[in-house]
Amino acid sequence: MKILKVLNNPIFSTIQDSGRYGFENHGVPNSGAGDMLSYRLGNYILGNSNAASIEIIHGNFEVEFLSECLISITGSDMSPRINSVPVKMWESIQICKGDNLKFSTPKNGLRAYLSIKGGFIDKEIMKSNSTHSDFDVGGKKLAINDLLYCDSELSNYQSDKLNSYPDYYKFSQLIANQKKLDVIKGPEFNSLSSKSKKELFNSEFKISNRMGRTGIVLEGVKIEFSKNFTDIISDGTSKGVMQVPSDGKLYVLMEDSQRIGGYPRILSLTSQSLNYFSQLMPGDVVTFNLISLEESHLKIKEMEDNFFKDNLSKNINMNEFILTHANKKFIVKSDKNNNKNIIIDGKPIKLEF
Amino acid sequence: MEFRIQDITDSTLAFNFSNSIDEEVNKHINILINYLNENDLNLLSVYPTYNSLIVTYNPLLTERKEIIQLVEKLNKLEKNYNKVKDQVLNIPVNYGGKYGEDLEEVSKILSISEEQIIDIHSSKPYYVFMIGFSPGFPYLGGLDKRLECPRLPTPRVEVPAGSVAIADRQTGIYPFKSSGGWRIIGNTNLKLFDKKNENPSLIKPGIRVKFTPL
Numbered sequence: 001m002k003i004l005k006v007l008n009n010p011i012f013s014t015i016q017d018s019g020r021y022g023f024e025n026h027g028v029p030n031s032g033a034g035d036m037l038s039y040r041l042g043n044y045i046l047g048n049s050n051a052a053s054i055e056i057i058h059g060n061f062e063v064e065f066l067s068e069c070l071i072s073i074t075g076s077d078m079s080p081r082i083n084s085v086p087v088k089m090w091e092s093i094q095i096c097k098g099d100n101l102k103f104s105t106p107k108n109g110l111r112a113y114l115s116i117k118g119g120f121i122d123k124e125i126m127k128s129n130s131t132h133s134d135f136d137v138g139g140k141k142l143a144i145n146d147l148l149y150c151d152s153e154l155s156n157y158q159s160d161k162l163n164s165y166p167d168y169y170k171f172s173q174l175i176a177n178q179k180k181l182d183v184i185k186g187p188e189f190n191s192l193s194s195k196s197k198k199e200l201f202n203s204e205f206k207i208s209n210r211m212g213r214t215g216i217v218l219e220g221v222k223i224e225f226s227k228n229f230t231d232i233i234s235d236g237t238s239k240g241v242m243q244v245p246s247d248g249k250l251y252v253l254m255e256d257s258q259r260i261g262g263y264p265r266i267l268s269l270t271s272q273s274l275n276y277f278s279q280l281m282p283g284d285v286v287t288f289n290l291i292s293l294e295e296s297h298l299k300i301k302e303m304e305d306n307f308f309k310d311n312l313s314k315n316i317n318m319n320e321f322i323l324t325h326a327n328k329k330f331i332v333k334s335d336k337n338n339n340k341n342i343i344i345d346g347k348p349i350k351l352e353f
Numbered sequence: 001m002e003f004r005i006q007d008i009t010d011s012t013l014a015f016n017f018s019n020s021i022d023e024e025v026n027k028h029i030n031i032l033i034n035y036l037n038e039n040d041l042n043l044l045s046v047y048p049t050y051n052s053l054i055v056t057y058n059p060l061l062t063e064r065k066e067i068i069q070l071v072e073k074l075n076k077l078e079k080n081y082n083k084v085k086d087q088v089l090n091i092p093v094n095y096g097g098k099y100g101e102d103l104e105e106v107s108k109i110l111s112i113s114e115e116q117i118i119d120i121h122s123s124k125p126y127y128v129f130m131i132g133f134s135p136g137f138p139y140l141g142g143l144d145k146r147l148e149c150p151r152l153p154t155p156r157v158e159v160p161a162g163s164v165a166i167a168d169r170q171t172g173i174y175p176f177k178s179s180g181g182w183r184i185i186g187n188t189n190l191k192l193f194d195k196k197n198e199n200p201s202l203i204k205p206g207i208r209v210k211f212t213p214l
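Line by line, the protein sequences are chains D and X. Residue numbering for the first sequence follows my numbering, starting at 1 and increasing by one per position. Residue numbering for the second sequence follows my numbering, starting at 1 and increasing by one per position.
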């Protein structure tokens, strides 16, 4: 079933899921959502697992819905509006046929995720719906008049319950405030000069303009190796790996990167810090904090417990009434205790004062 | 065969068997991969590099130490390297000029003529150690020592599709337009990758390819 139509030419919006694994021996990169946490939460709110979502990079994305459905918006705040009314992120939103959803410029991160109950249906290639930004191995960059599809039985879902993260509006701040990112040592870390080993952890690195879903070049102190170090033979890499070519710059591999590379792998961002890193924009400044592999695994488990073990339903005592405006009827629900939660026709409204 | 364990990330393990490029080592890794593909550890992926076996896992689903124990166990089993057949695939190549932008510079760096480089490069079949870097990109070992040339100091932003390139003691082909740091000496118009095919890469690890100048 046709579910939405793209109304503009977005800067860079693609279909992504949790990634394409198992084709590395054919040289196929993993792709998938860059901020895996926001992507997963968006689908978790809707009860999906590994569903195809839209990753919106740099904002400026506008769609018209062609049928009823349930959606969620997560990741960076791009001031989403439905029919010109600001709506809340991190909550399920009931969509009616003809609704217009518009994202503006990003406020606090590079990427937002638009997810739909049941997931978008795309042409699955090599067991995934993920799109690669350079290689033609999956979907393609979304453009004006593109139509997206979904399973009508799954998407046409109505619920009295509001699925949301009670504390999760704060996530936006969490993204913006992560300036110190956890890293672990890579295979060639010990080949660094002793000067660089120190400087990596007590100096700042800036996100340069050379950035994309394949990799991000950082600006900062020149990274040097000990005198007896020679080039490595091309070997395994992955998203999060920080490589240093002979120009001494840090190249961070991202989700569309190759899984084999020939530059020394001195550090890697942890799975957790990679989510935050993927939200950074050119000019943002970061520092690195060295932790052990064991600590990183513990943090992955902690994050899973914090975010994916909750009952999402909000049990808020709501007043319900019918509002008539311009000969149209609206079902309005509002919080009995305060007016922080207002839902009009299934859409959580973001109040701006 | 002995290996050392490297954590490339918190969810990518490498079992590194050697510091040099060696066909026997690579064949050993490919046999281990055949065994590992039948495991029940919920691994996300298993693939070979020149001299490493790479495993991607989700630390929430699989304990790192379980993977290590399994690889240690499989590594002790007897291996039969003769199972890998020597199939040779011919690759037609236009060398130099607009097809191989770096051939002239490589000729200067190595102090041998462009014609000699073409002769040496196309003189023998190369063993395919691994596919990677980009979809269908074969890493071919055994490049003649006379053609050993360091990779570019800064990677090129755009390498044309079909580029045949060299770096250190390696040679390979870029099937797609991409960024890359190898020196381009020629170009082939063969379609190396078909995403709709169940086995999308034309060239497979373990076979040999031979370049034929056009």
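In this text, a Cβ means the ideal position worked out from N, Cα and C, and glycines have one as well. Only a predicted model underlies this, so the values are computations on that prediction, with no experimental measurement involved.
Below 6 angstroms CB to CB, which residues in the same chain sit around residue i once its five sequence neighbours on both sides are set aside?
i	result
X:G100	I184, I185 and G186
D:A112	I56, G75, S76 and M78
D:D182	T270, S273, N289 and I291
X:L214	P92 and N94
D:L37	N275
D:E320	K333
D:D160	Caution is warranted here: a pLDDT of 49 is assigned to D:D160, below 50, making its placement in the model unreliable, and the coordinate value is therefore given only provisionally. Within the same chain, D:D160 has no close Cβ partners at all.
D:G346	Q94
X:L202	L192
So who's on the other strand from residue i, going by DSSP bridges?
i	result
D:F308	For D:F308, which the question treats as bridged, DSSP gives no partner whatsoever.
D:D182	D:N289
D:Y251	D:V217 and D:Q243
D:E62	D:K102
D:G236	D:I260
X:S52	X:N16
First and last residue of the alpha helix (DSSP H) that includes residue i?
i	result
D:G42	M36 to I45
D:Y276	S271 to F277
X:F17	Taken as a continuous stretch (DSSP letters only), X:F17 belongs to no alpha helix (DSSP H), as it is neither H nor E.
X:E23	E23 to L36
D:N202	S194 to N202
Can you give me the start and stop residues for the beta strand (DSSP E) that residue i sits inside?
i	result
D:Q243	V241 to Q243
D:N209	F205 to M211
D:F321	M318 to H325
X:N197	Premise fails: X:N197 is in no beta strand (DSSP E) and is neither H nor E.
X:G186	R183 to N187
D:L148	L147 to C150
X:T212	R208 to P213
D:G75	C69 to G75
X:I5	R4 to T9
Step through the CB atoms of chain X and report whether any lies within less than 7 angstroms of the CB of residue i.
i	result
D:G236	yes
D:R259	yes
D:G27	yes
D:R20	no
D:S191	no
D:D77	no
D:T131	no
D:G354	With chain D represented from 1 up to 353, any question about residue 354 of chain D goes unanswered, as that position is not in the structure.
D:L293	yes
D:G34	no
So, for residue i: in the same chain, excluding its five sequence neighbours on each side, which residues have a beta-carbon less than 8 angstroms away from its beta-carbon?
i	result
X:I21	Y50, N51, F129, G141, G142, R169 and Q170
D:I349	V85, P86, V87, K88, I342 and I343
D:Y169	With a pLDDT of only 48 at D:Y169, under the threshold of 50, the placement of this residue in the model should not be trusted, and no figure is reported.
X:I67	L13, L41, L43, V55 and Y57
Spatial neighbours of residue i within its chain, please: C-beta separation below 7 angstroms, excluding the five flanking residues on both sides.
i	result
X:E148	D168 and R169
X:D102	R183, I184 and I185
D:A143	V6 and N9
D:P282	I207, S208, N209 and M211
X:N189	G162
X:I109	C149
D:F12	I57, H58 and K141
Taking only beta-carbon atoms, is residue i less than 7 angstroms away from chain D?
i	result
X:G136	yes
X:I215	With chain X represented from 1 up to 214, any question about residue 215 of chain X goes unanswered, as that position is not in the structure.
X:F237	Because residue 237 of chain X is not part of the residues shown, which for chain X are 1 to 214, the question remains open.
X:P153	yes
X:P160	no
X:Q6	yes
X:I166	no
Check the Cβ of residue i against every Cβ in chain A and list those closer than 7 angstroms, keeping chain order.
i	result
D:K301	In the structure shown, chain A cannot be found, because the protein chains are D and X.
Starting from the N-terminal side, write out each stretch of the beta strand (DSSP E) that is 3 residues or longer and does not extend beyond the region 54-107 of chain X. 88-95
Go through the region 110-179 of chain X residue by residue and report every complete run of the alpha helix (DSSP H) that reaches 4 residues or more, in order. 114-121
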